[in-house]
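Presented below is the structure to which this report refers.
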Amino acid sequence: MKKCIWKYAAGAAVMTMVLSGCGTAKGQEPDETKSCRSVTRVQEPESIDFEDWDARRALQEANPVSEKFIGAVNRFSYASAAQLLRTGADAKNQNYSPLSLYYALALAAQGSEGSTEEELLKLLGMEDKAALADECGKLFRRLYIDHKVSKQKLANSLWLKKGQNFRKKFLKTAQDDFYTSVFEADFENPETGKAMGRWISDQTGGTLAPELKTYPEEALAIINTVYLYDEWQQRFMESANTKDTFTTASGEQMTCEYMNRKFDFHSYYKGDGYTGTALGLKGAGSMVFILPDEGVEIKELLTEDSLRDMFGNRERESATVTVSLPKFRFEDSMELIPVLQEMGLLEAFEALKADFSSMTDEQIFISEVKQETHIEVVESGVEASAYTEIAMAAGAAMTEEKNYELKYNRPFLFGIISDVETPLFIGICNMPNQA
Numbered sequence: 000m001k002k003c004i005w006k007y008a009a010g011a012a013v014m015t016m017v018l019s020g021c022g023t024a025k026g027q028e029p030d031e032t033k034s035c036r037s038v039t040r041v042q043e044p045e046s047i048d049f050e051d052w053d054a055r056r057a058l059q060e061a062n063p064v065s066e067k068f069i070g071a072v073n074r075f076s077y078a079s080a081a082q083l084l085r086t087g088a089d090a091k092n093q094n095y096s097p098l099s100l101y102y103a104l105a106l107a108a109q110g111s112e113g114s115t116e117e118e119l120l121k122l123l124g125m126e127d128k129a130a131l132a133d134e135c136g137k138l139f140r141r142l143y144i145d146h147k148v149s150k151q152k153l154a155n156s157l158w159l160k161k162g163q164n165f166r167k168k169f170l171k172t173a174q175d176d177f178y179t180s181v182f183e184a185d186f187e188n189p190e191t192g193k194a195m196g197r198w199i200s201d202q203t204g205g206t207l208a209p210e211l212k213t214y215p216e217e218a219l220a221i222i223n224t225v226y227l228y229d230e231w232q233q234r235f236m237e238s239a240n241t242k243d244t245f246t247t248a249s250g251e252q253m254t255c256e257y258m259n260r261k262f263d264f265h266s267y268y269k270g271d272g273y274t275g276t277a278l279g280l281k282g283a284g285s286m287v288f289i290l291p292d293e294g295v296e297i298k299e300l301l302t303e304d305s306l307r308d309m310f311g312n313r314e315r316e317s318a319t320v321t322v323s324l325p326k327f328r329f330e331d332s333m334e335l336i337p338v339l340q341e342m343g344l345l346e347a348f349e350a351l352k353a354d355f356s357s358m359t360d361e362q363i364f365i366s367e368v369k370q371e372t373h374i375e376v377v378e379s380g381v382e383a384s385a386y387t388e389i390a391m392a393a394g395a396a397m398t399e400e401k402n403y404e405l406k407y408n409r410p411f412l413f414g415i416i417s418d419v420e421t422p423l424f425i426g427i428c429n430m431p432n433q434a
């Protein structure tokens with residue numbers, strides 16, 4: 000079996016395909032070992048200072064991300080999240096980074112042809128893979144934040160099998176539009192998997208440190224990482240914390256530490272079966288918390304339309320909102336092939352039909368797609384990360400002020416939404432004390 004690794008930190012994706020390659024990031028020394036050799040080093044986008052508003056405005060003007068593309072990313076995000084989170088929605092904590100998976104698939108699409116390309120582009124909501132790459136590049140630069148207050152970083156790497164030829168056009172697109180670093184790797188050597196794990200750890204602030212296995216049949220690994228660390232615009236004070244009970248979907252009660260704060264002129268959501276609020280982040284975007292109404296199960300809200308309404312609707316009341324939110328931290332993992340098949344991606348998983356001839360002459364197919372994530376919510380802010388692994392094998396407006404109280408003392412949904420409205424993470428907290 001061939002493996003691909005996609006990783007996210009605060010959103011990271013890793014994708015491995017049956018090709019040959021490796022990647023590095025700015026500020027990271029090449030991993031020169033007997034198993035892996037750095038081929039290229041990609042310069043990350045320039046970091047803009049937290050208070051440099053003119054530079055931020057210039058960046059936005061130079062990288063106009065189309066509404067069509069944002070719509071495509073969001074449709075993919077909410078549709079896939081609705082299916083993925085429905086399993087175990089009332090039993091465990093879940094966290095998913097749709098952006099990480101999207102970038103990994105978008106990079107894979109650059110090497111596809113024929114009906115495999117058609118399926119991937121349809122899944123990703125784009126008509127042309129060159130336009131897809133261009134939009135991914137602009138969104139990458141728009142999302143990139145690395146300063147003293149916040150970090151919101153994407154990274155990609157290709158791990159290429161030694162001795163195998165890869166298309167120059169594919170590699171150039173990967174580097175120019177996806178900021179992909181390239182490694183030449185020996186997939187028969189277990190040290191390669193360790194090097195890939197170290198790369199993921201470096202990109203995700205150490206929050207994810209997987210021990211990856213590689214296989215002799217592997218030809219390519221694509222790794223995308225997304226990492227987010229940000230502070231609340233209005234943080235919670237630890238002195239206001241309280242201990243109280245949290246009731247799970249099964250009726251079990253546990254004692255949790257709650258963060259408490261009263262927010263004036265704050266966002267308040269009221270929808271069909273839920274209420275919620277959004278906490279602004281200093282770097283960009285916000286984290287939305289959705290509380291189902293009493294008697295409403297979370298899975299009743301897990302439809303594409305409901306998720307878009309909860310996390311994508313910018314219309315909300317302005318009110319005084321008292322928030323009581325449990326601190327939580329957990330990791331999660333998901334197998335993603337079934338949901339991708341349900342969404343119409345079929346040929347890419349078939350050994351004799353998959354067409355990735357824009358990558359290499361060798362017949363390859365995707366054999367595994369997996370994602371692992373990490374999230375922690377505390378008084379000062381949020382840290383989140385994820386990696387997606389794709390393995391490929393060879394084969395043949397202010398209103399009258401009101402007062403609301405939101406106490407998240409039962410299972411709730413959360414989402415981290417960027418300033419361009421794309422969801423970085425969507426998840427469910429069923430048990431705050433589950434680490």
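Numbering-wise (numbering that gives the first Met the number 0), the sequence shown opens with residue 0 and increments by one.
Idealized CB from N, CA, C, for every residue including glycine.
Predicted model only: the values in this text are computed from it and were never measured.
Where do the N-terminal and C-terminal ends of the beta strand (DSSP E) with residue i fall, by residue?
i    : result
N73  : Unbroken run through N73 is the alpha helix (DSSP H), E66 to R85; no beta strand (DSSP E).
F413 : F411 to I416
D442 : The shown model of the chain, from 0 to 434, leaves out residue 442, and the question about it has no answer.
Q93  : Q93 to Y95
T39  : C35 to T39
D53  : Unbroken run through D53 is the alpha helix (DSSP H), W52 to A61; no beta strand (DSSP E).
V181 : T179 to A184
D243 : T241 to T246
Excluding sequence positions up to five away, which residues of its chain have a Cβ less than 7 Å from the Cβ of residue i?
i    : result
P209 : G196, I199, E371 and Y386
Y407 : F288, L290, S323, L324 and P325
G26  : Confidence at G26 is low in this model, with a pLDDT of 41, below 50, so its placement is unreliable and the value that follows should be read with caution. None.
A347 : T115, E118, L119, A353, F364 and I365
Q433 : N92 and F329
A81  : L301, T302, E303 and L306
For residue i, which beta-bridge partners are listed by DSSP?
i    : result
K171 : Answer is none; K171 lacks a bridge partner.
C428 : F411
N223 : N155
I289 : G275 and L412
H373 : E330 and S384
N259 : S323
M236 : BP columns for M236 are empty, so no partner.
S266 : S317
I363 : A393
E404 : T321
E378 : Answer is none; E378 lacks a bridge partner.
L280 : W231
P422 : I416
V148 : None; V148 has no bridge partner.
K161 : DSSP lists no partner for K161.
T206 : According to DSSP, T206 bridges with nothing at all.
With a threshold of 6 Å on Cβ separation, who are the neighbours of residue i within its own chain once the five nearest residues in sequence on each side are excluded?
i    : result
E116 : none
L131 : A105 and M125
G279 : Q232 and S285
N188 : S34
F262 : V320
L138 : V64
E382 : Y228 and E375
Tell me which same chain residues have a C-beta within less than 8 Å of the C-beta of residue i, skipping the five on either side of it?
i    : result
V295 : G272 and Y273
N236 : Going by the sequence as given, residue 236 is Met instead of Asn. Here the set comprises R260 and E378.
T191 : S34, C35, W158, A184, D185 and T213
L58  : I47, R140 and R141
R166 : G110, S357, M358 and T359
P431 : F245, M253, C255, P325, K326 and F327
S332 : K369, Q370, E371 and T372
F169 : Q109, G110, S357 and M358
D292 : G272, Y273 and T274
Which residues mark the beginning and the end of the alpha helix (DSSP H) in which residue i is found?
i    : result
L142 : K128 to L142
T115 : G113 to L123
* Three-pair Cβ contact test at 8 Å for the segment 36-53 versus the segment 172-182 -> yes
* When the Cβ atoms of the segment 416-428 are set against those of the segment 87-94, are three or more pairs found closer than 8 Å? -> yes
* To do: Would you list, in sequence order, the uninterrupted beta strand (DSSP E) runs of no fewer than 3 residues that lie entirely inside the segment 294-361?
  => 316-325 and 327-334
* To do: Please confirm if the segment 318-327 is in contact with the segment 62-78, defined as three or more CB-CB distances below 8 Å between the two stretches.
  => no
* Spell out a yes or no on whether the segment 325-342 and the segment 300-312 are touching, meaning 3 or more CB-CB pairs, one atom from each, closer than 8 Å. => no
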